[in-house]
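Protein chains in written order, with our numbering: chain A, 156 to 460; chain B, 156 to 460. Ideal placement from N, C-alpha and C gives every residue a C-beta, glycine not left out. On a predicted model such as this, the values are computed, not experimentally measured, just so you know.
There are 2 protein chains.
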Amino acid sequence: MSVLVVGSVALDSVETPFGKAEDVLGGSGTFFSASASHLTPVQLVGVVGSDYPVEKLAALSERGVDLAGLERANGESFRWRGRYRHDLNSAETLETKLGVFSHFSPKIPQQFRSAPFVFLANIDPRLQLQVLDQVEQPKLVACDTMNFWIESRRPELLELMKRVDLILLNDGEARQLTEHSNLVKAARWILERGPKFVIIKKGEHGAFMFGKSSVFYAPAYPLEDVFDPTGAGDSFAGGFMGYLARTRDLSEGNMRRAVVFGSAMGSFAVERFSIGRLLEITERDIQSRVREFLQLVSFDAQLPA
Amino acid sequence: MSVLVVGSVALDSVETPFGKAEDVLGGSGTFFSASASHLTPVQLVGVVGSDYPVEKLAALSERGVDLAGLERANGESFRWRGRYRHDLNSAETLETKLGVFSHFSPKIPQQFRSAPFVFLANIDPRLQLQVLDQVEQPKLVACDTMNFWIESRRPELLELMKRVDLILLNDGEARQLTEHSNLVKAARWILERGPKFVIIKKGEHGAFMFGKSSVFYAPAYPLEDVFDPTGAGDSFAGGFMGYLARTRDLSEGNMRRAVVFGSAMGSFAVERFSIGRLLEITERDIQSRVREFLQLVSFDAQLPA
């Protein structure tokens, strides 16, 4: 089953303690697609400028990412320039140029409108709502968001929350949105406003998935070398949604497995710049990392006599 | 089997966003004993001043904590005064008065010297080494430490590391000790210097246990109300060592279960001031929380077709 993703397709310039990359493929839609396409066909909707090296996206279409919804507009592509300091925990944004993205209005191609799984990557909640007006009864809709929209588009974001099944956000965003510093309380606040599930990502500290009556936790994979954290969250979302679309099973047990696939894909994303590592890995690598996750947390709850 | 613990027995004054406590039972030895005594007999070695409300320690001796090694010295007891701000992640120390603790020289009573499990709580590494000179071939020795000793007693700490089987420390301390910001590298650095296992505690983000060829991760229990984080780490150590002493099994699988018991005891400790909650809980509460930990991380690694 296909996953439809609407998100940014950008050019990133990134500096980490380990090196520099200039104008490499980036954006939430790009990372999501590179990740999810390991598990299921992907339909990408976004916009690039006339300067975008579209030939580099061939690596995605070869992997089953349908680019029919990728608009090419006159003007400059969305560019992000950022730097990570030694601890790699938070990006410092040096420059953001929205370019053609500032006038983006998502148009979902007819053949994408019946996608059973829909991911609204981190874009203006007004646009996320526009996407929902164009799709036909998806089986599951998930969205991401960020501090900027929580601040500037709160009413639209609350409206969106009523219409999605699941929201992914990081711990800082969850605290900002809900005004609860405790994540259990933050999750409950969100679940009372629409979504059936909320995934709170804590970067190197793993991710929680809260449901109405359940909570699941997956650690981040303890990597010895985190090279570039850019795109980890979108790759997580791609692994999560890709796994659900592939298995077509929304049971609690399968949602948990999907979180682990998300964590696995996020852990690959940070091993190289851009989508470099995501394009390189095989099904065998993914399966092997998922087994390592199981090893990492497994214990037998046998109690002492 | 008994656990011998050598640590501080203090009076804490704590302020959290939820209330204040004055001169309540505190100290690493106290929290460790209150926690471990749920699982196994405990032998406590420490020192208190002439002002210590020793009658309050009856709650510990009734639980099977042998206080024969608790020295009473002339002078003031060790006092710590601290405050937690809204996020509860780090204590702000307002005052530390070492009192009689500044002249403490641990004397292990004859009947404690054959204890099979020994925990060297966070005290001067010189004193931790003195304890090791007094005990007879324990089955497992573990130690804790802190930033102050890492800075001021590095050679003694490195000497100690050669003589312990396991070291527990928090993520900041592991980074400070090893000068590696990556915890996998930090753990390897430590394992190369003596201990067979290292447990890196990350507070609300859980704990890693690294062995020579294994890694295990246990999350912190997602509590809705963390009341007072003081003593969480020592209670973790108490649950961990207590479980090992009770089960007498140092296999990898049992060490993992011990980490989960540690996490469970740490999660109880933070629910009230001082050792209030630790004195209140029953075996049934502990078993039930351990099962909740299992629920929290369980998934079935079944892969998609």
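Beta-carbon separation (whole angstroms), residue i vs residue j, contact threshold 8 Å
| i | j | result |
| --- | --- | --- |
| B:Arg444 | A:Ala456 | Between A:Ala456 and B:Arg444 the Cβ distance is about 10 Å, and since that is not below 8 Å, they are no contact. |
| B:Pro261 | B:Gln285 | 6 Å |
| A:Leu321 | A:Lys351 | 7 Å |
| A:Met364 | A:Val296 | Not quite, the Cβ-Cβ distance comes to about 16 Å (not below 8 Å), so this is no contact. |
| B:Leu433 | B:Ser390 | 6 Å |
| B:Pro374 | B:Val425 | The Cβ separation is near 14 Å, so there is no contact. |
| B:Phe454 | A:Arg411 | 4 Å |
| A:Gly254 | A:Gly230 | 6 Å |
| B:Ser232 | B:Tyr207 | 5 Å |
Collapsed DSSP secondary structure at residue i in the structure displayed
| i | result |
| --- | --- |
| A:Gly204 | coil |
| A:Ser168 | strand |
| A:Glu247 | strand |
| A:Ile430 | coil |
| A:Met364 | strand |
| B:Phe259 | coil |
| B:Asn302 | helix |
| A:Glu177 | strand |
| B:Leu212 | helix |
| A:Phe142 | Past the edges of chain A, shown from 156 to 460, lies residue 142 of chain A, and the structure says nothing about it. |
| A:Gln331 | helix |
| B:Tyr376 | coil |
| A:Leu112 | As shown, chain A starts at 156 and ends at 460. That puts residue 112 of chain A outside it, with no answer to give. |
| A:Ala276 | coil |
| B:Ala297 | strand |
Cβ pair residue i, residue j closer than 8 Å
| i | j | result |
| --- | --- | --- |
| A:Asp288 | A:Trp304 | no |
| A:Val290 | A:Leu159 | yes |
| A:Leu166 | A:Arg234 | yes |
| A:Ala392 | A:Phe187 | yes |
| A:Asp380 | A:Lys357 | no |
| B:Ala270 | B:Ser406 | no |
| A:Gln198 | A:Phe267 | yes |
| A:Leu323 | A:Ile345 | no |
| B:Gly162 | B:Ala246 | no |
| A:Ile430 | A:Ala189 | yes |
| A:Val209 | A:Val202 | no |
| B:Leu215 | B:Ser192 | yes |
| B:Ala342 | B:Arg330 | no |
| A:Phe272 | A:Ala400 | yes |
| A:Val370 | B:Pro377 | yes |
| B:Phe423 | B:Ile436 | yes |
| A:Thr185 | A:Val164 | yes |
| B:Thr300 | B:Glu334 | no |
| A:Asp383 | A:Arg427 | yes |
Extent of the continuous beta strand (DSSP E) to which residue i belongs
| i | result |
| --- | --- |
| A:Tyr239 | 234-239 |
| B:Ala223 | 220-227 |
| B:Ser443 | Segment 438-452 is the alpha helix (DSSP H) holding B:Ser443; no beta strand (DSSP E) there. |
| A:Leu324 | 321-325 |
| B:Leu159 | 158-161 |
| B:Lys356 | 352-356 |
First through last residue of the alpha helix (DSSP H) which encompasses residue i
| i | result |
| --- | --- |
| A:Ile263 | Careful: A:Ile263 lies outside any alpha helix (DSSP H) and carries neither H nor E. |
| A:Asn409 | 407-424 |
| B:Leu282 | 280-289 |
| B:Lys340 | 338-346 |
| A:Leu312 | 309-318 |
| B:Thr185 | 183-191 |
Three or more C-beta pairs closer than 8 Å, one from the region 411-423 of chain B and one from the region 209-224 of chain B: is that the case here? no
State whether the region 230-248 of chain B contacts the region 164-178 of chain B, with contact taken as three or more CB pairs (one from each stretch) at a distance under 8 Å. yes
Using 8 Å as the cut-off, can you tell me whether the region 329-349 of chain A makes contact with the region 301-317 of chain A, which would need three or more C-beta pairs spanning the two stretches below that distance? yes
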